[in-house]
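Asks: Protein chains in written order, with the working numbering: chain A, 55 to 467; chain B, 55 to 467.
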C-alpha cells in the first residue's frame, strides 16, 4: 500500500478548540482550574466527545477513567496507533499543559478523516485520567493503571481532600457518557506519541519549534506527617511546645541544604504544606507536607531520596513523624526509532528542531512500558507553566499537530 | 442596705450546663469546634437564652453581636454589674476556654435569682463576640468594638475564608433572636469580672484553685503575604524560581533566631501558614502567614515587634513581600481593688489562691478601658488549651462561680 500525501492540519480550528477548552474552568487570572474528574474536567471530556461525534468517531472508557476517541481502521484486529495527553490541570493552572496534546491528537484524527485517508490500524486520541495528581495522588494515575504500574483497586479507593474517591469520580464520568464503550486495561496499543509544552526555556532559547524528547528524569515523592501538640500561643513557653510548624520548618530547611547542588540539577520542591488546626493563636499540632524530588541521574536520585527520611527524622525535635514514599520512578529513555521519527518529520516540514530531555513527568513514561512511545515538545513562553500565565503559540501548536498527523499516517496506514 | 448572706451555687447544674454546651460543635476527638457565629455558635447563644427565659431574664444584642443576658435591678438608672466571656472556640478547640466564663456568670445570676436577692444594679452575663479571632481577624473583636478600640464598620466588613462578612453573621444572630432588645455600643458597665481557665500550669503546679489575675501580656500580630511565581517543579531550576515557600521558610527561620530568649519569656508563634496554589509539583507562588508575638514587658515587645518587618524583608529572596501589623496591644494591669476583691472572696471561702499574670489575651483587657475589670483564673489540666484535650475540674469551676456570685452581690446590692 503506497503512502498517501500528507494532508495539512487546520490551524485555525485547532486554536479555536484551545479557546473553547480554556473556557471550561477558566480563572479570573486568565488560567484554567480544572482538577481531575471535577464537573469541569468531565465537561472537557464531553466537549471532545461532541466534536468526535460529528465525524462518527467512537468513544471508550476504561476502569480508571481513561478515555479513547477512535477512528476505525480497515483491519479491526490491529491495535490502535494513538496520541493524546490529559485534560486536567494544576490548581490555578494554565491553558496548554495537557490539553494541547489532546487537541493536537484530535486535530490529526480530523485532518486524516477529512482527507479521506484509510488506515489499517485504528487511530486514537487518548485522554489519560488524573495526570496532574493534584486532586488525587499519584500523578499520571490513568496511564499508570492502564500499564500495570499501579493497582486499579488501590487507585479507585484514593480520596481527594473532601473524601470523594476516584472510584466515585470514574462512575460520574461513565454516567455522563452512557454511550461510551468499554476498554480493557492494558489492551495493546501499537504506538503512542504525546505532544506537550516544554515547560522549560530550552526551545525558546534556541529558537526551535520542535523538541524530539529523548527521555524523562526520575522522581521520588514523599508525604510527611509531623505530629506535635496543639497549644495556646500566649501561655505555652517554647520549652513546653511540640510545635509541628517549627519542626517541619527545620526539616524543609535542612533538606534544602542537603539537596543543594552547584550545578542546579536537583529539583527539590515543597508545593503542598498544610498547617493545622490553623488558628493564629494556636501552636500548631500538625503539619502535612509533600516533597517532590527529581533528578536525571538514577544513582544521584537514589542517594538523595534515601537521605530524605533520615534528614526529616533528625529534625523532628519534640514531634513525631510519619514519612511515606508514595511515588518512585527512575529516569527513562524513549526508543531511538521514535525520537528519530519525530526529527525526520520535523526536517521534512522545515521546522527548526532539536533533541530535548524532559524535566517534567508525562503519561508517555508509563505508556512506553506497553509500546513504542515518544514525545514532541513545543515552546512554552519563558518556561512558565503550572501557572495561569502559561502561553504557547498557535503556530507551534499547529506544527506539532502536523507532525502527529504525519506520524500517525506513517504508523497506521 | 445590709448585705444578704451569700447563697451557694449549684455545682451539679453548672457542670451539666458545660456538658450540654460541649455537645454543640463536639468533635470526634472530644473537643469543640465552634467558630464565631457559625450555626453552632449561634446555637450556643440560643441555648443560653432558653435557660435565661426560665427565669424571665431579658436578652439584648449590640451592633457587633455581643449578647447581654440581664436580670433587672431595682434602680433602672444604674449600669449593670457584669460577668461573662465567650462561646466561640479555636478550630478543634476545647470544652472550657470561654464557655466556662459564660456559664460561671450565668450560674451566679441564677443562684442570686433563686435566693431571691434583690440588687440595685442590674446583673448581666455577657457573651463577647468572636473572642478567638480564628474565623474573623482580630481576636476579642466584640469587646474591642464595644469599648471603642476597633471601628464598627471596619469589623462588620471583615470576611472569613469563604468571603462571608461579620456583618452577615451578626444579622444571622439577630434573626435567630427576634425577641432580643438592642444595646448601645459603649453603654456603661459598672463592673466586669471574667472567669477563665488559666491555659498555663502555674495554678496546677502550686496546687491553687483560684488565680486573681493582675494583668495581661501585650501582643503584636502581623500578616505576611509572600508573592513569588507559580512554576513547574520538574522543569524550573532553583536559579529561576521565585519560590514563596522557600522565602517564607527563610523568614520564619530567621525570626525564630531573632525572637529566641534564654529566659523563654518571648512567645513567638506561626499558627496560620497557607501555601498556594498547593499542587505537589508546583513551585508555590504565594504564601500567607500570621505572626503572633507576645511579651509582658512593653519595651522588649516594642523592640522585638519592630524587628519583625525588617527580618522578613531581609529574607524575601527573589519574592515580593507585604507585611501588615493588624493588632498591637501593650501589656496591661487590672485595678488593685479588683485583684484584692477576688483574693478576699477566695480567702472567705477557704479556696487556695494566688495572684497570677495572664499570658493569654482576654476580653477583660478591653473592658478594663470602660470600667473596673478583673479576672479569675482556675486550673487547666497540664496547661493544655486550644486543644481538644483541654480539661478543667467541676469543683474548680464551681469555686469560680461562687466567687463571681459573691462579687456580683457585693457590687450590685
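Glycine included, C-beta positions come from ideal geometry on N, C-alpha and C. Only a predicted model underlies this, so the values are computations on that prediction, with no experimental measurement involved.
Just verifying my parser: in three-state terms, what is the DSSP assignment at residue 239(B)?
Replies: Reduced to three states, the DSSP call for residue 239(B) is coil.
Asks: Hey, how far is the Cα of residue 375(B) from the Cα of residue 382(B)?
Replies: Answer to the nearest angstrom: the Cα atoms are 20 angstroms apart.
Asks: Please name the residue or residues paired with residue 250(B) in a DSSP beta bridge.
Replies: Beta-bridge pairing links residue 250(B) to 431(B).
Asks: Suppose only complete runs of 4+ residues qualify. What are the alpha helix (DSSP H) ranges in the region 315-398 of chain B, listed by chain order?
Replies: Qualifying alpha helix (DSSP H) stretches, in chain order: 352-368.
Asks: Once the 5 residues before and after residue 80(A) are set aside, which same chain residues still bring their CB inside 7 angstroms of it?
Replies: Around residue 80(A): 86.
Asks: Keeping to the same chain, check which residues put their C-beta closer than 6 angstroms to that of residue 400(A); ignore five residues upstream and five downstream.
Replies: So the list reads 264 and 407, once near-sequence residues are dropped.
Asks: Can you tell me whether residue 77(A) is helix, strand or coil according to DSSP?
Replies: Note: residue 77(A) maps to coil in three-state DSSP.
Asks: Compare the C-beta of residue 413(B) with all C-beta atoms of chain A and state if any pair is closer than 8 angstroms.
Replies: True, the Cβ-Cβ gap to chain A drops below 8 angstroms.
Asks: Quick check on residue 286(A) - is its C-beta less than 8 angstroms from some C-beta in chain B?
Replies: Output row for residue 286(A): interface = yes.
Asks: At which residues does the beta strand (DSSP E) containing residue 407(B) begin and terminate?
Replies: Element bounds for residue 407(B): 407-412.
Asks: So for residue 219(A), helix, strand or coil by DSSP?
Replies: Here residue 219(A) sits in strand by DSSP.
Asks: Mapping DSSP to helix, strand and coil, what is residue 260(A)?
Replies: Residue state, collapsed to three classes: helix.
Asks: Taking CB distances under 8 angstroms as the criterion, tell me whether residue 349(B) reaches chain A.
Replies: So, not an interface residue.
Asks: Listed in chain order, which residues of the region 191-216 of chain B have Cβ atoms closer than 9 angstroms to some Cβ of chain A?
Replies: So the list reads 191, 192 and 193, given in the order they occur along the chain.
Asks: CA-CA distance, residue 303(B) and residue 290(A)?
Replies: Rounded to the nearest angstrom, the two C-alpha atoms are 22 angstroms apart.
Asks: Assuming residue 230(A) contacts residue 102(A) under a Cβ cut-off of 8 angstroms, what Cβ separation, rounded to an integer in Å, is found between them?
Replies: Incorrect: roughly 12 angstroms between the Cβ atoms, too far for contact.
Asks: From residue 164(A) to residue 109(A), what does the alpha carbon distance come to, in whole angstroms?
Replies: Residue 164(A) and residue 109(A): Cα-Cα distance of roughly 8 angstroms.
Asks: Classify residue 160(A) as helix, strand or coil using the three-state DSSP reduction.
Replies: Helix.
Asks: Does any C-beta atom of chain B lie closer than 8 angstroms to the C-beta of residue 497(A)?
Replies: Here chain A covers residues 55 to 467 and nothing more, so residue 497(A) does not appear.
Asks: When Cβ atoms are compared, which residues of the region 219-248 of chain B fall closer than 8 angstroms to chain A?
Replies: Flagged: no residues at all.
Asks: Indicate whether residue 158(B) and residue 458(B) have their beta-carbon atoms separated by less than 8 angstroms.
Replies: Closer than 8 angstroms, so yes.
Asks: Taking only beta-carbon positions, decide if residue 146(B) is within less than 8 angstroms of chain A.
Replies: Yes - at least one Cβ of chain A is within 8 angstroms of the one on residue 146(B).
Asks: Suppose the cutoff is 7 angstroms on Cβ atoms and the five residues either side in sequence are ignored; what does the same chain contact list for residue 188(A) look like?
Replies: Counting only Cβ-Cβ distances below 7 angstroms, and skipping sequence neighbours, we find 89, 144 and 145.
Asks: For residue 344(B), which of 355(A), 332(A) and 404(A) has the nearest alpha-carbon?
Replies: Taking only the C-alpha atoms, the option nearest residue 344(B) is 332(A).
Asks: Could you check which residue in 353(A), 444(A) and 73(A) has the C-alpha nearest to that of residue 273(A)?
Replies: Selected option, being the one with the closest Cα: 353(A).
Asks: Kindly list the residues whose CB is nearer than 7 angstroms to the CB of residue 126(A), restricted to its own chain and excluding five residues on each side of it in sequence; keep chain order.
Replies: Excluding sequence neighbours, residue 126(A) sits near 176.
Asks: Express the C-alpha separation of residue 430(B) and residue 311(B) in angstroms, rounding to a whole number.
Replies: Taking the straight line joining both Cα atoms gives about 35 angstroms.
Asks: With a threshold of 8 angstroms between beta-carbons, can residue 334(A) be considered close to chain B, or not?
Replies: Answer yes: the Cβ-Cβ gap between residue 334(A) and chain B drops below 8 angstroms somewhere.
Asks: Does any residue of chain B bring its CB to less than 8 angstroms from the CB of residue 267(A)?
Replies: With 8 angstroms as the cut-off, residue 267(A) does not count as an interface residue toward chain B.
Asks: Starting from the C-beta of residue 192(B), find all residues in its chain whose C-beta is less than 8 angstroms away, skip the five residues before and the five after it, and write them out in chain order.
Replies: Excluding positions up to five away in sequence, the list reads 198, 204, 275, 380 and 381.
Asks: Would a C-beta distance cut-off of 8 angstroms place residue 337(B) and residue 285(B) closer than the cut-off?
Replies: Contact: yes.
Asks: Could you please give the first and the last residue of the uninterrupted alpha helix (DSSP H) stretch that includes residue 95(A)?
Replies: 93-108 is the span of the alpha helix (DSSP H), which, as asked, contains residue 95(A).
Asks: Please confirm if residue 141(B) has its CB atom under 8 angstroms from at least one CB of chain E.
Replies: Absent here is chain E; the protein component of the structure consists of chains A and B.
Asks: Which residues in the same chain have their Cβ closer than 6 angstroms to the Cβ of residue 258(A), if we skip the five residues on either side of it in sequence?
Replies: Excluding residues within five positions, the ones whose Cβ falls inside 6 angstroms are 433.
Asks: Find the residues of chain B that neighbour residue 188(A), judging by a C-beta separation of less than 7 angstroms, and give them in chain order.
Replies: Near residue 188(A) (Cβ distances below 7 angstroms), the residues of chain B are 333 and 334.
Asks: When you compare each of 171(B), 278(B), 224(B) and 267(B) to residue 419(B) by their alpha carbons, which one comes out closest?
Replies: Out of 171(B), 278(B), 224(B) and 267(B), 267(B) has the C-alpha closest to the C-alpha of residue 419(B).
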